[in-house]
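In what follows, a structure is listed as structure tokens, so that the remarks can point back to it.
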Amino acid sequence: MKTLTRFSNTLMERFLPDPYIFVAVLTLVVFLLGLGLTDTGPIEMVDHWGNGFWGLLAFTMQMVIVLVAGHVLANSPLFKRILSTLAGTAKSPGSAIILVSVVSIIASWINWGFGLVIGALFAKEIAKKVTNVDYRLLVASAYAGFVVWHGGLGGSIPLSVATPDHPFEPIMGVIPTSDTIFTTYNLFIVLVLLITIPLLNRWMMPKPEDTVTVDPASLEEPLEVEEPSDKTPASRLEDSAILSMLIGALGLIYLIHHFVRNGFDLNLNIVNLIFLILGIILHGTPRRFLAAVANAVKTAGGIIIQFPFYAGIMGMMTDSGLAGVISDAFVSISNEHTFHLFTFYAAGIVNFFVPSGGGQWAVQAPIMLDAAQTLGADYAKTAMSIAWGDAWTNLIQPFWALPALAIAGLKAKDIMGYCVFVLVLSGIVISIGLYFF
Numbered sequence: 001m002k003t004l005t006r007f008s009n010t011l012m013e014r015f016l017p018d019p020y021i022f023v024a025v026l027t028l029v030v031f032l033l034g035l036g037l038t039d040t041g042p043i044e045m046v047d048h049w050g051n052g053f054w055g056l057l058a059f060t061m062q063m064v065i066v067l068v069a070g071h072v073l074a075n076s077p078l079f080k081r082i083l084s085t086l087a088g089t090a091k092s093p094g095s096a097i098i099l100v101s102v103v104s105i106i107a108s109w110i111n112w113g114f115g116l117v118i119g120a121l122f123a124k125e126i127a128k129k130v131t132n133v134d135y136r137l138l139v140a141s142a143y144a145g146f147v148v149w150h151g152g153l154g155g156s157i158p159l160s161v162a163t164p165d166h167p168f169e170p171i172m173g174v175i176p177t178s179d180t181i182f183t184t185y186n187l188f189i190v191l192v193l194l195i196t197i198p199l200l201n202r203w204m205m206p207k208p209e210d211t212v213t214v215d216p217a218s219l220e221e222p223l224e225v226e227e228p229s230d231k232t233p234a235s236r237l238e239d240s241a242i243l244s245m246l247i248g249a250l251g252l253i254y255l256i257h258h259f260v261r262n263g264f265d266l267n268l269n270i271v272n273l274i275f276l277i278l279g280i281i282l283h284g285t286p287r288r289f290l291a292a293v294a295n296a297v298k299t300a301g302g303i304i305i306q307f308p309f310y311a312g313i314m315g316m317m318t319d320s321g322l323a324g325v326i327s328d329a330f331v332s333i334s335n336e337h338t339f340h341l342f343t344f345y346a347a348g349i350v351n352f353f354v355p356s357g358g359g360q361w362a363v364q365a366p367i368m369l370d371a372a373q374t375l376g377a378d379y380a381k382t383a384m385s386i387a388w389g390d391a392w393t394n395l396i397q398p399f400w401a402l403p404a405l406a407i408a409g410l411k412a413k414d415i416m417g418y419c420v421f422v423l424v425l426s427g428i429v430i431s432i433g434l435y436f437f
């Protein structure tokens with residue numbers, strides 16, 4: 001295994017470019033595929049790209065905030081102590097890898113945004129404690145847990161179909177989470193991944209001579225707070241803990257009311273608000289909070305620049321019909337026994353070009369639900385097959401890794417060599433769950 005992972009890491013380090021180069025090449029690939037596999041002309045493909053380019057602006061802002069707010073929270077004194085205490089329970093490189101993997105999987109099952117940020121922050125903190133652990137594998141282990149998100153409490157597809165008046169209700173009706181998230185096959189997949197991914201990550205630990213460690217001092221991010229030269233009414237407000245507490249109280253009251261009214265509705269906006277409000281409270285004063293924000297914003301450049309390109313790719317995939325061509329190809333070789341399995345594989349391929357759960361569901365649902373009706377396949381399981389396919393290939397898609405990589409200070413090529421093996425393992429486990437249950 002060590003030989004395989006060394007080969008995989010070498011391959012990724014040599015041939016996997018910067019995520020911006022990756023998305024630029026992917027744009028050209030989708031453009032050419034659209035010309036070759038659909039009836040769309042060059043100018044139409046350009047229009048589809050341009051019309052879709054700004055389609056993820058709201059989501060881009062959400063991702064910037066989840067990164068910045070998570071970073072700000074992690075740099076608060078109390079949260080640092082909590083993470084440091086938890087990280088202190090790891091006494092060896094092996095236990096560090098397993099602990100990060102388990103925490104990331106559980107956090108991602110609760111909510112994908114929560115898991116994405118907490119996993120990376122926790123990995124970074126553990127690297128300060130266990131100095132001889134491979135930092136690349138540690139961060140890869142944190143990101144690997146993200147694979148379970150669409151089978152968890154925050155899965156966008158199962159939550160969508162459980163909501164009255166969702167777009168496909170006339171076809172499939174309203175499907176409760178008991179028929180999606182809490183089914184035997186879904187819980188089997190999640191539990192097996194919870195056990196096997198940490199063990200696989202532990203197995204992939206490199207030899208001591210191949211281990212890439214990081215200087216704990218380089219992971220420290222001292223908060224530089226500029227103190228005013230003289231006390232003015234404005235500077236007193238900036239140093240006012242009362243102002244922070246009042247804003248914090250406002251946010252906490254809203255959050256309590258939200259959960260009382262809606263139950264455990266932990267969507268991305270709520271996760272962002274939790275991170276922001278806790279950051280405001282735990283930093284004590286507006287001055288310290290703003291200094292933490294200024295420090296955190298430096299890591300958001302990749303998301304801001306690259307997400308519009310993925311939106312352009314999604315525009316080409318959906319408006320040209322290319323996503324439908326891929327889905328139809330798998331439907332044509334399916335029967336009532338293999339349909340959900342091939343739906344999963346089709347979703348995995350489409351996700352590589354349309355890395356958005358909601359966007360992918362909108363593209364694939366009409367085709368797959370129509371095929372499910374023809375074959376007499378279960379609608380709920382069809383939805384979950386698409387959900388798992390969407391989550392599966394995120395393991396080798398830099399789109400979702402960008403926030404974690406920004407927090408950890410690594411590049412995609414540093415972790416993808418390990419993620420490839422988690423992709424293979426999780427693909428086998430998910431396939432077994434969908435086919436045999």
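Note that full-length UniProt numbering gives residue 425 to position 425 of the sequence shown, counting from 1, and the numbers run on in steps of one. For each residue, glycine too, the CB sits at the ideal point set by N, CA and C. None of these values were measured; they are calculated from a predicted model.
Three-state secondary structure (DSSP) of residue i
{"i": "serine 431", "result": "helix"}
{"i": "leucine 56", "result": "coil"}
{"i": "alanine 377", "result": "coil"}
{"i": "residue 447", "result": "An answer regarding residue 447 cannot be provided, because it is not within the stretch 1 to 437 covered by the chain."}
{"i": "asparagine 9", "result": "helix"}
{"i": "glycine 113", "result": "helix"}
{"i": "phenylalanine 264", "result": "coil"}
{"i": "threonine 196", "result": "helix"}
{"i": "leucine 223", "result": "coil"}
{"i": "valine 174", "result": "coil"}
{"i": "alanine 90", "result": "coil"}
{"i": "aspartate 134", "result": "coil"}
{"i": "lysine 413", "result": "helix"}
{"i": "proline 355", "result": "coil"}
{"i": "isoleucine 181", "result": "coil"}
{"i": "asparagine 75", "result": "coil"}
{"i": "glutamate 336", "result": "coil"}
Option nearest residue i by Cα separation, candidates the options
{"i": "phenylalanine 342", "options": "Ala329, Glu220, Leu191, Val117", "result": "Ala329"}
{"i": "aspartate 18", "options": "Gly427, Tyr435, Ile432, Ala412", "result": "Ala412"}
{"i": "asparagine 75", "options": "Ala144, Leu282, Ile181, Lys91", "result": "Leu282"}
{"i": "lysine 381", "options": "Trp400, Leu410, Asn351, His337", "result": "His337"}
{"i": "proline 167", "options": "Ala362, Arg261, Leu187, Val350", "result": "Ala362"}
{"i": "aspartate 210", "options": "Phe436, Tyr435, Thr10", "result": "Thr10"}
{"i": "leucine 278", "options": "Val23, Glu13, Pro77", "result": "Pro77"}
{"i": "proline 366", "options": "Glu169, Leu200, Arg236", "result": "Glu169"}
Short Cβ contact (8 Å threshold) for residue i with residue j
{"i": "proline 286", "j": "leucine 223", "result": "no"}
{"i": "leucine 194", "j": "isoleucine 105", "result": "yes"}
{"i": "alanine 408", "j": "valine 139", "result": "yes"}
{"i": "residue 449", "j": "glycine 34", "result": "Because the chain is modelled from 1 through 437, residue 449 falls outside the range shown and cannot be assessed."}
{"i": "threonine 5", "j": "glycine 321", "result": "no"}
{"i": "glycine 52", "j": "glycine 324", "result": "no"}
{"i": "leucine 83", "j": "leucine 121", "result": "yes"}
{"i": "valine 271", "j": "asparagine 132", "result": "no"}
{"i": "isoleucine 118", "j": "alanine 96", "result": "no"}
{"i": "alanine 383", "j": "alanine 300", "result": "no"}
{"i": "valine 68", "j": "valine 225", "result": "no"}
{"i": "isoleucine 326", "j": "valine 350", "result": "yes"}
Integer-rounded CB distance, given that residue j should sit under 8 Å from residue i
{"i": "leucine 425", "j": "isoleucine 171", "result": "Actually they do not touch by this definition, with Cβ atoms about 34 Å apart."}
{"i": "leucine 402", "j": "isoleucine 303", "result": "5 Å"}
{"i": "alanine 404", "j": "valine 147", "result": "That belief does not hold up - the Cβ atoms of alanine 404 and valine 147 are roughly 13 Å apart, past 8 Å."}
{"i": "alanine 289", "j": "valine 102", "result": "The sequence as given places phenylalanine at residue 289; alanine does not occur at that position. In fact, because the Cβ distance is near 31 Å, the residues do not count as touching under 8 Å."}
{"i": "tyrosine 143", "j": "isoleucine 415", "result": "6 Å"}
{"i": "proline 216", "j": "lysine 128", "result": "4 Å"}
{"i": "alanine 311", "j": "tryptophan 54", "result": "7 Å"}
{"i": "phenylalanine 344", "j": "isoleucine 430", "result": "6 Å"}
Using a Cβ distance threshold of 8 Å, determine whether the region 299-316 contacts the region 56-76, with at least three qualifying pairs required. yes
Please confirm if the region 377-397 is in contact with the region 410-425, defined as three or more CB-CB distances below 8 Å between the two stretches. yes
Contact between the region 119-138 and the region 200-215 is defined here as three or more beta-carbon pairs at a separation below 8 Å; is this criterion met? yes
Contact between the region 144-159 and the region 353-365 (3+ Cβ pairs under 8 Å): yes
Three or more beta-carbon pairs under 8 Å between the region 86-93 and the region 32-45, yes or no? no
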